[in-house]
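Undergrad: Start counting the sequence shown at 3; every next residue gets the next number (our numbering).
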Amino acid sequence: MNTTQSRTRSVRHTAFVAGCLIAALVTTPALADGATSPYPAMAPLAQYQSSSQAAEIALAKSAAPASVSDHADVMVLGSHGYETVAKGTNGFVCLVFRSWDMSFDNPEFWNPKIRTPQCINAVSARSVSFLPRYLTRTEWVLAGVSLAEMQAREAAEWKDGRLTPPLPGGMVFMLSKQQYINDSAHPWHPHVMFVEPRTQDSQWGANIPGSPVQGDSTNVAQTSIFMVLVAKWSDGTMDPAYADPGQQSHRH
């Protein structure tokens with residue numbers, strides 16, 4: 003096989019993987035009728051905490067290349083919410099999201115295994131419906147606010163304008179090999195997210211055959227999230243999904 007053919011096959015394979023697997027990031031399988039969620043309530047707080055602050059910092063920084071994360075703010079989960087333990091200079095914020103960032107009706111909303119390291123750019127860090135919204139949810143969770151009450155509070159904030167659509171230009175690195183996005187994706191694939199005010203997928207060429215861009219407009223109100231798989235984890239190693247398809251087994 004010549005070089006051009008090999009590259010063509012690799013591009014086609016990458017597009018296929020993006021189209022088939024990005025759904026794992028944004029979709030948790032719905033429960034069958036009558037089934038009981040394996041996570042019906044919040045687990046003991048210790049199950050959501052890291053073994054040490056150093057471990058949490060390392061996991062948070064693994065979301066992005068060192069050239070980004072070494073110069074970012076770093077936040078860790080404390081007993082009452084997230085605390086900034088390192089100040090950066092590039093506007094990015096690195097932290098590890100927990101399960102309560104999911105939609106309120108997600109059956110894994112209380113899954114204590116979930117750890118999603120993210121390095122968020124300055125735009126998404128300022129957007130009240132992105133990082134600040136998650137930090138507020140965390141404070142509610144740690145204060146013992148019920149799921150129903152959190153849902154009611156957030157709905158009221160959208161209604162009265164305290165929550166607003168994200169600022170244009172938001173992006174997030176999610177390149178950690180240690181990510182545990184949900185029970186079907188751990189780890190998933192290195193990817194970059196773009197966070198925008200609600201828009202049509204077609205404006206980003208998303209969710210169409212052959213496009214590596216996938217969009218989700220269901221998890222956060224008035225928000226569209228676009229995702230693109232990338233070749234390498236933050237440690238520089240290659241994601242197997244990007245290997246030459248001729249060198250791997252059939253994966254459909």
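In this text, a Cβ means the ideal position worked out from N, Cα and C, and glycines have one as well.
Note that the structure is a prediction, hence the values are computed from the model and not measured.
Between ARG135, HIS82, SER126 and ALA127, which lies nearest to SER105 when the distance is taken from Cα to Cα?
TA: Checked all of ARG135, HIS82, SER126 and ALA127; the closest Cα to SER105 is ARG135.
Undergrad: Round the Cβ separation of ALA62 and PHE94 to the nearest angstrom and send it over; I've been treating them as touching at under 8 Å.
TA: No, ALA62 and PHE94 are not in contact; Cβ-Cβ is about 11 Å, not under 8 Å.
Undergrad: I think VAL87 touches VAL78, with their Cβ atoms under 8 Å apart; what is that distance to the nearest whole Å?
TA: Right, the Cβ-Cβ distance comes to about 5 Å (below 8 Å), so this counts as a contact.
Undergrad: Only counting the same chain, and skipping five residues up and downstream in sequence, which positions put a Cβ closer than 7 Å to that of ASP203?
TA: Cβ within range, chain order: ASN209 and GLY217.
Undergrad: Taking the C-alpha atoms as reference points, what is the distance between THR239 and VAL174?
TA: One C-alpha to the other measures close to 19 Å.
Undergrad: Tell me the rounded alpha-carbon separation between THR166 and THR138.
TA: Going by the C-alpha atoms only, they are around 14 Å apart.
Undergrad: Rounded to the nearest angstrom, how far is the Cβ of VAL215 from that of GLY207, given a contact under 8 Å?
TA: Indeed, because the Cβ distance is near 5 Å, the residues count as touching under 8 Å.
Undergrad: Less than 6 Å between C-beta atoms, sequence neighbours within five positions excluded: which residues of the same chain meet that for LEU169?
TA: Around LEU169: VAL125 and SER129.
Undergrad: State the Cα-Cα distance for the pair SER52 and LYS89, rounded to the nearest angstrom.
TA: Looking at the two C-alpha atoms, the distance is approximately 20 Å.
Undergrad: What residue range is occupied by the uninterrupted beta strand (DSSP E) comprising VAL95?
TA: That run of the beta strand (DSSP E) goes 95 to 99.
Undergrad: Throw me the rounded Cβ distance for the TRP160 and ALA223 pair, which I believe falls under 8 Å.
TA: Yes, TRP160 and ALA223 are in contact; Cβ-Cβ is about 6 Å, under 8 Å.
Undergrad: Do you know whose CA, among TYR182, THR38 and MET176, lies nearest PRO114's CA?
TA: Ranking the options by Cα distance to PRO114, first place goes to TYR182.
Undergrad: According to DSSP, is LYS89 part of a helix, a strand, or is it coil?
TA: Three-state result, LYS89: coil.
Undergrad: Looking only at C-alpha atoms, which of ALA74, ALA48, GLN153 and ARG117 sits nearest to LYS179?
TA: For LYS179, the nearest C-alpha among the options comes from ARG117.
Undergrad: For ALA45 and SER81, I'd like the C-alpha separation in whole angstroms.
TA: Between ALA45 and SER81, the C-alpha separation is close to 15 Å.
Undergrad: Taking the alpha-carbon positions, what's the SER42 to ASN184 distance?
TA: Checking the displayed sequence, the identity of residue 42 turns out to be Pro instead of Ser. Their backbone Cα atoms lie some 15 Å apart in a straight line.
Undergrad: Residue range of the alpha helix (DSSP H) that LEU47 falls in?
TA: Taken as a continuous stretch (DSSP letters only), LEU47 belongs to no alpha helix (DSSP H), as it is neither H nor E.
Undergrad: When the distance is taken between beta carbons, is MET176 closer than 8 Å to HIS188?
TA: It is not a contact, given that the beta carbons lie outside the stated cut-off.
Undergrad: For VAL13, which of helix, strand or coil comes out of DSSP?
TA: Low local confidence applies: a pLDDT of 38 at VAL13 is under 50, so the model's placement there is unreliable, with the coordinate-based value given in what follows. Three-state result, VAL13: helix.
Undergrad: Could you compute how far the alpha carbon of ALA145 sits from the alpha carbon of GLY83?
TA: Between ALA145 and GLY83, the C-alpha separation is close to 9 Å.
Undergrad: Sort out for me which residues DSSP pairs ASN184 with in a bridge.
TA: Answer is ALA187, bridged to ASN184.
Undergrad: Identify whether MET195 lies in helix, strand or coil by the three-state DSSP scheme.
TA: Here MET195 sits in strand by DSSP.
Undergrad: Assuming SER69 is part of the alpha helix (DSSP H), what are its boundary residues?
TA: From DSSP, the alpha helix (DSSP H) with SER69 extends over 68 to 71.
Undergrad: Spatial neighbours of LYS234 within its chain, please: C-beta separation below 7 Å, excluding the five flanking residues on both sides.
TA: The residues are PRO192, MET240 and ASP241.
Undergrad: What residue ranges within the region 109 to 148 form continuous alpha helix (DSSP H) runs of no fewer than 4 residues, ordered along the chain?
TA: Qualifying alpha helix (DSSP H) stretches, in chain order: 124 to 128 and 133 to 144.
Undergrad: Using 10 angstroms around the beta-carbon of SER39, count the other beta-carbons present and answer buried if the total reaches 16, otherwise exposed.
TA: It counts as exposed.
Undergrad: What residue range does the alpha helix (DSSP H) around LEU169 cover?
TA: Per DSSP, LEU169 belongs to no alpha helix (DSSP H) and is neither H nor E.
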